[in-house]
Every structure is written in structure tokens, then in C-alpha cells.
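Protein chains in written order, with our numbering: chain A, 155 to 512; chain B, 84 to 372; chain C, 182 to 553.
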């Protein structure tokens with residue numbers, strides 16, 4: 155066991171690109187690109203001159219890998235999505251409970267707060283609060299692919315070689331919904347979920363011919379769409395909104411089965427050393443004027459009351475062009491990932507990637 | 084007595100950084116990885132000792148196929164790098180004047196001045212369907228519809244060759260540089276034609292450099308990540324990507340560690356076979372150049 | 182063609198320019214079959230360039246090169262039957278001795294059995310019958326030398342070129358190899374063209390020597406001719422040792438001239454070959470040490486001819502080649518051969534001596550020739 159810990163620590167040493175040394179006055183933030191804009195950090199440091207903010211940019215998978223490598227040390231505040239907390243903590247014990255009394259939860263959108271609380275309560279203790287939320291869905295160039303309505307349409311032969319998707323779990327879930335399944339419901343029965351996954355894998359392997367390339371990141375996707383090489387793709391809404399401001403033909407399309415909604419949260423890593431500073435940061439970024447700056451930078455919507463109104467104007471227009479009220483009601487929030495599901499999904503993705511098609 | 088103590092101390096001081104480097108950055112992580120690879124996950128937070136992670140590799144053809152694919156593409160890259168690099172190295176070592184030699188070396192170094200990522204994006208800008216080359220060909224009237232040059236194996240191979248060719252050229256230049264020009268002239272003088280001189284004299288003489296370059300290039304290629312991921316298409320899988328998937332997407336560090344060892348074992352085996360076939364030793368090639 | 186085939190190698194007005202530099206300038210020579218011919222000259226005189234043209238590694242700017250009467254100017258190096266022993270031998274380190282020798286035969290498409298026979302044969306002829314399986318780095322310097330020659334000779338060349346192959350050897354071995362090369366040449370009875378800057382190598386081994394300077398042949402002749410009848414000041418100075426004075430002609434009385442050196446010595450000397458001198462011309466005078474007699478001053482009558490007195494500055498003992506350095510009254514140093522037996526008769530430093538030599542042994546040449 156000791157060797158295991160040692161090896162984990164060593165692995166961490168080799169994997170971490172930036173390791174910050176622990177200092178009482180430093181707030182080490184592990185978050186997404188755009189979630190800690192320079193302007194916000196500046197304002198925060200002005201208000202709390204004794205706190206330095208150090209930012210490490212990452213994504214869901216890497217956040218968990220980094221925290222797992224150190225057993226939850228090295229960072230004071232992390233921002234994984236709400237579905238990446240429960241199982242990850244059960245398996246690797248990387249977070250610590252939150253003291254909600256230190257957070258001004260009154261400004262948060264109650265629906266989102268309750269949702270996150272419900273998803274991240276372990277042994278009666280709450281581990282996360284919401285920060286930003288957004289959706290994953292489809293993006294289409296209306297002038298070239300007006301008929302994109304559902305996840306399955308990416309496999310429509312009339313767009314052969316002109317669609318794209320990211321080989322991550324979102325497309326697995328989306329495709330499952332499009333096939334009439336409810337993968338989240340099947341999480342309770344992994345055998346059933348595996349059956350759904352098998353079907354999804356077959357479908358996506360068959361669809362491979364139709365896909366031009368699997369995109370890897372937002373820039374990648376933006377270039378594919380703007381150049382017209384791809385006319386429809388799976389996307390994050392924020393990327394679609396960004397492209398809308400450059401080409402109004404490119405819109406976010408909530409799939410018929412509902413856009414998949416994610417909530418990025420605040421959590422405290424288990425061995426975080428600056429909890430007070432972390433709470434200060436959380437409360438600070440929930441203030442309306444900061445939310446405005448933040449939303450312009452993240453592309454998501456803040457999980458505060460009236461968050462949509464605090465969006466920048468161009469983004470508001472993009473959202474209005476994309477979502478009807480019915481779409482909003484139809485949102486599917488990512489369900490908690492139970493232990494083992496990541497492995498099943500990972501294997502499914504590997505199969506799709508390795509398939510040579512025909 | 085004092086003198087010898089002093090000498091021993093300076094020896095230790097000189098050796099210490101190397102020993103620390105080997106121990107902390109090579110040996111210990113590998114032990115850690117080895118331990119990790121031999122842990123089987125049976126339930127959350129419950130692990131057992133076993134070879135299950137390796138067995139999973141054996142039983143799953145997609146991993147096998149990806150490894151074989153990575154290996155054979157790496158061999159192809161190595162062969163191309165040798166084919167392209169040898170004339171370049173020969174030119175630099177034997178034909179170019181001493182002044183242009185430095186400049187030529189610098190030109191070969193250029194790919195290394197920018198990061199992997201920037202390099203890959205450079206290729207993407209050039210090769211994509213709406214990219215520079217496709218547009219230029221259309222403008223020149225050579226093609227009438229955009230052509231996609233990105234997202235296929237050929238692109239991956241080109242990108243990798245471009246990235247690694249310097250590592251082929253440097254050992255080749257250093258061995259060819261050590262070759263007396265008179266040896267080539269003697270080859271002609273004794274009646275050999277250009278091909279004979281190349282096959283019987285230049286190549287055998289350069290063999291240590293060739294093998295050293297091939298080993299370095301093969302290892303670099305098989306272990307590369309960004310170039311195959313960014314330039315590769317939907318059918319281009321690379322074993323390092325599989326390892327990354329294990330570690331990051333599947334949270335399966337145990338499997339990832341096992342795969343890492345398999346890649347190491349596989350590339351080592353290929354290098355060993357290569358050394359046997361070329362009748363060279365590691366000490367006579369990589370260590371020399 | 183038959184008429185010219187008594188010459189294995191002929192050069193006719195061969196020139197080579199590198200940009201503005203004329204490395205080889207109108208060189209013509211005919212080398213008879215089976216002879217040992219040396220090209221002797223200081224480094225940078227163009228001898229290596231000439232050899233490389235003969236081997237085919239450089240193209241002459243003008244002129245013609247013929248081997249066995251046939252022009253080879255347009256023949257690539259690998260098709261010329263001229264083989265070359267390189268300065269550093271250029272044996273192939275990745276092949277063993279057998280493979281090194283067999284290489285040329287293989288290139289010529291000789292059959293396997295025939296190769297084996299000829300390699301064994303040539304190894305026997307160079308008296309190294311058992312080294313076939315050795316690696317090159319296992320051979321001694323002299324053995325390498327012989328293998329390098331065998332590698333060429335196995336191909337039966339019309340001409341064998343040797344580019345200062347003894348340069349890298351130590352003195353003792355070099356002396357031994359000189360003799361051995363000469364013997365090998367006799368044994369193979371092939372034309373050897375030997376390039377060197379070392380006059381003793383050229384004199385000892387060669388049937389004929391060409392002295393080369395500034396891209397031109399100054400003189401071609403037997404070693405004795407070069408030594409005793411140098412055609413130019415350069416040859417007189419380069420071949421063998423000589424005391425050298427510069428001076429001015431006082432009067433000419435064929436075949437002799439009286440000159441006065443810049444140090445004030447007046448002497449009678451023989452005009453060099455073809456030299457036409459007038460009083461007042463600047464000249465160079467050469468007298469070899471072995472033609473200067475050094476005697477202790479003892480009041481005996483002064484013999485006829487040239488002479489001067491001085492004191493012994495130092496003795497240069499070298500066995501049979503011992504010399505004495507004499508400082509003349511005008512503070513010039515003059516070398517003369519003496520016999521030092523180790524007895525009481527030997528000259529000692531500080532003794533007064535008289536030096537004398539016959540006018541026939543003092544050669545004078547117009548100074549322009551020396552500075553050209």
C-alpha cells in the first residue's frame with residue numbers, strides 16, 4: 155500500500171505539468187480554460203491582497219487524474235462537472251465536503267443548486283455547488299444542412315464526409331437517446347447499460363464512414379465548421395455560440411431528444427490547503443458584475459438566478475436563436491456516473507476508434 | 084590519503100546527478116508503473132495482485148491491432164526517414180563546404196524550434212481541405228474541387244518523418260564525417276561503380292550511424308503522441324493514444340501502466356531484432372554517435 | 182599505337198586550373214613500362230593534383246593523358262586500369278583483408294574460385310599468406326602498406342600510383358619499406374608512379390624522378406642526374422643538401438664564372454646547365470657539403486680553386502654522414518662533410534679550418550630562376 159502511494163506520487167510528479175508549492179496565501183485553482191479570466195483574477199486580488207491566484211487549466215478527465223495522482227493534493231479548488239464527483243470520490247477519495255454556510259447559496263438558481271446537491275451528497279454531506287452550466291448538442295450550418303434535428307442525423311448519408319463528432323462519452327449518450335434508449339436510467343443496471351452501449355457502438359462504427367474527422371478541441375471544431383469542411387457536428391453550445399457571432403448561419407441545434415446539460419461545479423480537493431480562500435473565490439465570482447465578465451469568457455451560463463440575463467448580448471442572441479422554451483424544458487442533465495461506467499464507455503470508444511470500417 | 088579522499092568525493096559529486104536522474108526519473112517511476120500494472124481492479128478501491136491487465140491486452144484484438152499498426156507505421160517512418168535522411172546527411176558530410184554545413188544543419192534543426200503542437204497545426208493549415216495546398220492547386224487549375232490531404236495515414240507518416248528526420252541525420256552525418264574521402268575514391272579506383280561503392284563501402288561504413296538513427300527514430304515515432312493524434316484521421320489509431328485513453332478517459336491506470344510496459348517491450352523487441360539482423364550492438368551504435 | 186605502348190603512361194601538356202590558380206601547368210612526361218617513376222616536389226606543387234588527374238578524380242583543364250597509348254581523359258576512374266595506393270591507404274575497415282583484396286576482383290565480375298586463387302596468390306607474393314581472415318585494425322603499419330599494394334596489384338594494373346604512402350610510418354619502418362617497395366616493384370614488374378615530398382625516398386627507389394615546382398616539371402632524370410647535374414636552382418636546392426649563397430657575377434669565362442657573394446666571398450663556379458650569365462647578373466650558388474674539404478689550418482700551401490678559412494662552430498655527428506659547421510670570417514655558416522672517427526685527429530669546435538672545393542662542384546644559376 156505504501157508503495158502504491160509512493161508510485162502514485164511519483165506518477166503525479168511525472169504527469170503534472172505545473173506543480174504549485176503550498177503557500178497559505180495562494181489559491182490554487184484547477185479549472186477549465188476561460189473559467190478564470192485575467193480580469194476576474196485581478197479584481198479578486200485587489201479585493202483580497204493577501205491571496206494569490208494560481209490557475210491550472212484542464213478538463214474533466216485530467217482534473218480527476220491529477221487529483222487521483224496526489225490523493226487530492228496540489229490544488230485548493232477544482233471545477234469538475236457535476237456528474238464527475240460522486241463516483242470519482244467513491245473510487246479515489248479525492249474531495250472533501252463543503253461547508254455550505256460559508257457560501258452565499260441564496261444567489262444560486264435553486265433548481266441547479268438542488269440538482270448538484272442531490273448528485274453530490276455522500277453520507278449526508280454535500281461535496282459541490284454549481285458554477286456554470288451549459289449544454290452539449292448539435293451544430294449545423296443552416297444554409298448547407300438545414301435538416302439536422304437529431305443526434306442520428308450526423309450519420310445521414312446525405313452529409314457523408316461532412317459531419318464531425320468528438321469521440322467522448324457525450325456522443326455515446328446522445329446516440330443512445332436518439333435510438334430511443336434512456337442510458338441514464340440504465341446506469342442502475344450495468345448489464346443493461348452494456349447492452350445499450352453495444353448497440354451504440356455498432357451504430358457509431360457504421361457511422362464512421364459518414365464522419366470526416368473526430369474533433370479534439372474547440373479550436374479544431376471551429377476551424378472545421380467555419381471553413382465549411384464540416385456542415386454539422388456534435389458540439390458544446392459555447393463553441394456554437396462563438397461561431398454564430400462569426401457566421402450567423404451556424405447555429406446550435408438542441409437535438410430532438412433533448413440537449414445534454416452539464417453543470418460545472420466547485421469542489422474542494424481532499425488535501426486542499428486554502429479552503430477559506432476557496433470560499434472567498436466562490437462567493438466573489440457569484441456577484442452579478444463578475445458573472446457578466448465570467449460568462450463572456452466561459453461561454454456557459456452562470457448558475458445564478460437570472461443567469462441568462464447576465465449573458466453578453468451577442469451570446470443572448472445566439473441562445474435565443476438556438477433554444478425555444480420547449481427545448482429548455484427538454485434538457486437532459488448528465489446523470490451521476492456510477493463506478494465502472496467510465497471503463498465501459500472508455501472501452502466502447504476504443505472500439506469505435508479502432509474499427510477500420512469498410 | 085587526502086588526495087584520494089578528495090578524488091573519491093569529486094567522483095561521487097560527479098556521479099550523483101546522473102545516479103539521481105536515473106533513480107528518480109527512470110527507475111522509481113518504472114517500479115511504480117510495474118506495481119500499478121500488476122494490480123487488478125476487482126471493485127472500487129479494492130485491488131488484487133495479478134496479470135489481468137496484460138491478459139486483457141492479449142484477449143482484445145483492438146489493442147493488438149493498434150500496437151501492430153503503430154509498430155508497422157513506425158517502421159515505415161523509420162525507413163522513409165532513412166531513405167530521405169541518408170542523401171541529406173551524405174550531402175552535409177561529404178559534399179557541402181564547411182561553411183554551408185553549419186547552415187544546412189540549422190535548416191534541419193528548424194522543425195525542433197517549434198513545439199510539436201505548433202508544428203502539427205502548421206501541417207493542418209497546409210493540408211486541410213480548405214488549406215493552402217488545396218487552394219493553391221485549385222488556383223493553379225490542377226484540380227477542380229477541394230482535396231482533403233489531412234486526416235489519413237499518409238499525412239501522419241509525412242508529419243512524423245518531418246519531425247524525426249533530424250534524429251536520423253545527426254548520427255549519419257557524424258559517422259559519414261569520420262569516413263575518409265579516400266575510401267570512396269579507393270572504391271571507385273578499384274573498379275566499383277557508384278552503386279557498388281554505395282552498397283559495399285559507404286553503407287557498411289555508415290552502418291553504426293544508420294542503426295543508431297533507426298533506433299532513435301523508431302523509438303521516438305512509436306512513442307509519439309501529438310502528431311498522430313492531430314494529423315491522423317478517424318481510422319488512424321496510435322498505441323500511445325490507447326494508453327492515454329486508459330489513463331485519462333477510463334481512469335484505468337492499471338491497464339494504462341500495463342500497456343505502457345507492453346509498448347516498451349514491443350519497441351525493445353523490434354530494436355533487438357533490428358540489431359541482430361544488422362549484426363550491430365547497442366554499444367557500437369547509439370552509444371557511439 | 183604499338184609505337185607508344187612502350188610507355189605505360191604519357192602526359193601531354195596536361196594543365197589544371199582551380200579558378201585563377203594554375204595547379205598543374207603544361208606537364209608532359211612519358212613513363213616507360215616497368216619503371217619506378219617518382220614525382221618529387223614540395224607540398225602544394227601540384228603533384229597530388231596531377232596524380233588525381235591520372236587516376237581520374239580530376240579532369241584536366243587541357244592536355245591529354247594516355248595509358249598504354251590510349252587516351253583516358255573521358256574514361257571514368259573506375260574504368261581506368263590505373264590503381265592507387267592512398268596516402269592513408271584507405272583500406273576498408275569494415276572488411277577483412279581477404280575482402281579488401283577481393284573487392285576489386287568482385288567489381289570486375291571475376292568468378293568466386295578465381296578470386297580465391299588470385300587473392301591467395303597475391304598474399305603469397307607480398308609474403309603475408311595467412312592474414313586473409315584478419316581485420317584491418319589487427320595489422321601492423323607495414324602489413325597494411327603491403328595489403329594496400331596487394332589490393333591494387335591483384336587487379337594487374339597498367340600503372341600503380343602511390344601517394345606518399347610512407348608518410349604515416351615511423352622512420353625505421355619507412356627505411357625498411359623503401360627497400361621493400363623497390364623489391365615489390367621489381368617483383369610485379371609494373372610501372373610505379375610514386376609521389377613524394379621526401380627527396381631521399383625518391384632518390385633511393387626511383388629509376389627516374391621528376392622534380393615538380395609551381396605546377397611545372399623542373400627536371401626529369403635519373404636520381405644521379407638530378408643530384409649531380411641539376412637543371413635549375415630549385416632542383417639544386419631541393420634535391421640533396423647544399424650550401425647556398427646568393428651573389429653577383431663578376432666575370433664569365435665559359436664554362437666557369439667568377440662570382441662574389443653578398444657576404445663578400447669570391448669564388449669560381451661552374452655554370453649550371455644551359456645558364457647564360459653576364460657580369461653583374463644576380464646568381465645563386467650551390468655547393469654540396471660532401472664536396473667541401475675541411476682541413477685544419479697547418480701552414481701548408483693553399484691549393485688551387487675555391488677556399489676560405491674559418492673556425493669550427495659545431496660538429497654534427499651522424500655516423501658516416503657526420504658534418505662540421507664552419508663559421509667563416511664574414512660570419513656565414515657553411516656545412517662540410519667530415520669523417521669523425523672518434524680519434525684525436527677529429528676536428529673540434531673552435532679550431533681554425535680551411536675549406537676548399539673545386540669550381541666544378543659549385544653550380545651557379547641565375548637568381549630569377551630561383552625566385553620564379
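All residues carry an ideal CB built from backbone N, CA and C; glycine is no exception.
Nearest candidate by alpha-carbon position, reference residue 535 of chain C, set C:354, C:194, C:490 and C:441: For the purposes of this step, residue 535 of chain C is identified with residue 354 of the third chain, where counting begins at 1. Measuring from the Cα of residue 535 of chain C, the nearest candidate turns out to be C:490.
What are the start and end residues of each continuous alpha helix (DSSP H) run of 4 or more residues lying completely inside the region 177-207 of chain A, in chain order? For the region 177-207 of chain A, whole alpha helix (DSSP H) runs of length 4 or above, ordered along the chain, are 192-201.
Name, in chain order, the residues that DSSP records as bridge partners for residue 437 of chain C. Sequence index remark: in the third chain, residue 437 of chain C carries index 256 (1-based). Note: residue 437 of chain C sits in a beta bridge opposite C:434 and C:451.
When A:457, A:479, A:426 and A:436 are compared against residue 247 of chain A, the one with the closest alpha-carbon: What you label residue 247 of chain A is simply residue 93 of the first chain in a count that begins at 1. When only C-alpha atoms are compared, the closest one is A:426.
For residue 507 of chain A, which residues in chain E fall below 7 Å Cβ to Cβ? Absent from the structure: chain E. Protein chains present are A, B and C.
Any chain A beta carbon closer than 8 Å to residue 308 of chain B: The sequence position of residue 308 of chain B within the second chain is 225, counting from 1. Not one chain A Cβ lies under 8 Å of residue 308 of chain B.
Do you know whose CA, among B:250, B:362 and B:288, lies nearest residue 267 of chain B's CA? Here residue 267 of chain B corresponds to residue number 184 of the second chain, with the count starting at 1. Out of B:250, B:362 and B:288, B:288 has the C-alpha closest to the C-alpha of residue 267 of chain B.
Cross-strand partners of residue 292 of chain A (DSSP beta bridge): Here residue 292 of chain A is taken as the residue at index 138 of the first chain, counted from 1. Beta-bridge pairing links residue 292 of chain A to A:388 and A:407.
What's the C-alpha gap between residue 251 of chain B and residue 158 of chain B? Numbered from its first residue, the second chain carries residue 251 of chain B at position 168. Numbered from its first residue, the second chain carries residue 158 of chain B at position 75. If I take the Cα positions, the gap works out to 13 Å.
Opening and closing residue of the alpha helix (DSSP H) in which residue 366 of chain A lies: Here the question's residue 366 of chain A lines up with position 212 in the first chain. Residue 366 of chain A -> not in any alpha helix (DSSP H); beta strand (DSSP E) instead, spanning 365-368.
Quick one, which of A:229, A:422, A:379 and A:453 has its alpha-carbon nearest residue 280 of chain A's? Within the first chain, the letter at position 126 stands for residue 280 of chain A. Per the Cα distances, A:422.
State whether the region 412-426 of chain C contacts the region 376-396 of chain C, with contact taken as three or more CB pairs (one from each stretch) at a distance under 8 Å. Touching, per the Cβ criterion.
List the DSSP bridge partners of residue 286 of chain A. Indexing the first chain from 1 puts residue 286 of chain A at position 132. Checking the DSSP bridge columns, you'll see residue 286 of chain A partnered with A:418 and A:456.
DSSP state of residue 104 of chain B, grouped into three classes? Residue mapping note: residue 104 of chain B aligns to position 21 of the second chain, counting from 1. Reduced to three states, the DSSP call for residue 104 of chain B is helix.
According to the neighbour-count rule (16 or more other Cβ atoms, all chains shown, within 10 Å of its Cβ), is residue 276 of chain B buried or exposed? The residue given as residue 276 of chain B occupies position 193 in the second chain. Result: exposed.
When A:379, A:394, A:374 and A:468 are compared against residue 314 of chain B, the one with the closest alpha-carbon: For the purposes of this step, residue 314 of chain B is taken as residue 231 along the second chain, with counting starting at 1. Nearest C-alpha to residue 314 of chain B: A:374.
Just the C-alpha distance for residue 321 of chain B and residue 238 of chain B, rounded to the nearest angstrom, thanks. Here residue 321 of chain B refers to the residue found at position 238 when the second chain is read from its first residue. Here residue 238 of chain B refers to the residue found at position 155 when the second chain is read from its first residue. The straight-line gap separating the alpha-carbon atoms of residue 321 of chain B and residue 238 of chain B is approximately 14 Å.
Give the single residue among A:419, A:505 and A:199 whose Cα lies nearest to the Cα of residue 272 of chain A. As a working note, residue 272 of chain A is residue 118 in the first chain. Nearest option by C-alpha distance: A:419.
Spatial neighbours of residue 318 of chain C in its chain, beta-carbon cut-off 8 Å, leaving aside the 5 residues before and after: What you label residue 318 of chain C is simply residue 137 of the third chain in a count that begins at 1. Counting only Cβ-Cβ distances below 8 Å, and skipping sequence neighbours, we find 274.
Straight-line Cα distance separating residue 235 of chain A from residue 490 of chain A: Taking the first residue of the first chain as position 1, residue 490 of chain A is located at position 336. Taking the first residue of the first chain as position 1, residue 235 of chain A is located at position 81. If I take the Cα positions, the gap works out to 10 Å.
State yes or no: is the beta carbon of residue 289 of chain C nearer than 8 Å to at least one beta carbon in chain B? Within the third chain, numbered from 1, the residue matching residue 289 of chain C stands at position 108. It does: the Cβ of residue 289 of chain C has a partner Cβ on chain B nearer than 8 Å.
How would you label residue 324 of chain B, buried or exposed, when you count the other beta carbons within 10 angstroms and need 16 or more for buried? Position 241 of the second chain holds residue 324 of chain B. Buried, since its Cβ has 16 or more Cβ neighbours within 10 Å.
Whether residue 300 of chain B touches residue 160 of chain B by CB criterion (8 Å): The count along the second chain starts at 1 and reaches residue 300 of chain B at position 217. The count along the second chain starts at 1 and reaches residue 160 of chain B at position 77. Yes, they are a contact pair.
In its own chain, which residues sit with a C-beta less than 6 Å from the C-beta of residue 258 of chain A, not counting the 5 before and 5 after it? On the first chain, residue 258 of chain A is found 104 positions in, with the first residue counted as 1. Closer than 6 Å at the Cβ level, and outside the excluded window around residue 258 of chain A, lie 437.
On a Cα-Cα basis, can you pick out the residue from B:343, B:347, B:291 and B:317 that is closest to residue 359 of chain B? In the second chain, residue 359 of chain B corresponds to position 276, counting from 1. When each option's Cα is compared against that of residue 359 of chain B, the closest is B:291.
For residue 179 of chain B, collect the residues of the same chain with a Cβ closer than 8 Å to its Cβ; drop the 5 residues on either side in sequence, then sort them by chain order. Counted from its first residue, the second chain places residue 179 of chain B at position 96. Result list for residue 179 of chain B: 187, in chain order.
So what's residue 213 of chain C in DSSP terms, helix, strand or just coil? In the third chain, residue 213 of chain C corresponds to position 32, counting from 1. When secondary structure is reduced to three states using DSSP, residue 213 of chain C falls in the strand class.
Are the C-beta atoms of residue 316 of chain B and some chain A residue less than 8 Å apart? Locating residue 316 of chain B in the second chain gives position 233, counting from the first residue. Yes, contact with chain A.
Nearest to residue 436 of chain C by alpha carbon, out of C:341, C:541, C:501 and C:370? By 1-based counting over the third chain, the position of residue 436 of chain C is 255. Among C:341, C:541, C:501 and C:370, the Cα nearest to that of residue 436 of chain C belongs to C:541.
Which residues of chain A have a Cβ atom closer than 7 Å to the Cβ of residue 145 of chain B, listed in chain order? By one-based count along the second chain, residue 145 of chain B stands at place 62. The contacting residues are 504, 505 and 508.
Listed from N- to C-terminal order along the chain, which residues in the region 184-200 of chain B have their beta-carbon within a distance smaller than 9 Å of any beta-carbon of chain C? Near chain C, meaning a CB-to-CB distance below 9 Å, no residue of the region 184-200 of chain B qualifies.
Count the other CB atoms within 10 Å of the CB of residue 456 of chain C; is the residue buried (16 or more) or exposed (fewer)? As a working mapping, residue 456 of chain C is identified with position 275 in the third chain. Around the Cβ of residue 456 of chain C, a 10 Å sphere holds 16 or more other Cβ atoms; the residue is buried.
Using a C-beta cutoff of 8 Å, does residue 348 of chain A count as contacting chain B? Reading the first chain from its first residue, position 194 is the one you call residue 348 of chain A. No, because no Cβ of chain B sits closer than 8 Å to the Cβ of residue 348 of chain A.
Option nearest residue 204 of chain A by Cα separation, candidates A:434, A:495, A:226 and A:319: For the purposes of this step, residue 204 of chain A is identified with residue 50 of the first chain, where counting begins at 1. Nearest option by C-alpha distance: A:434.
Please confirm whether residue 297 of chain B and residue 165 of chain B have their CB atoms less than 8 Å apart. Locating residue 297 of chain B in the second chain gives position 214, counting from the first residue. Locating residue 165 of chain B in the second chain gives position 82, counting from the first residue. In this structure, residue 297 of chain B lies near residue 165 of chain B, with their beta-carbon atoms less than 8 Å apart.
Against chain A, with Cβ distances strictly below 8 Å, would residue 328 of chain B count as a contact? On the second chain, position 245 is the one that residue 328 of chain B refers to. Under the Cβ distance rule, residue 328 of chain B counts among the residues neighbouring chain A, one pair being separated by less than 8 Å.
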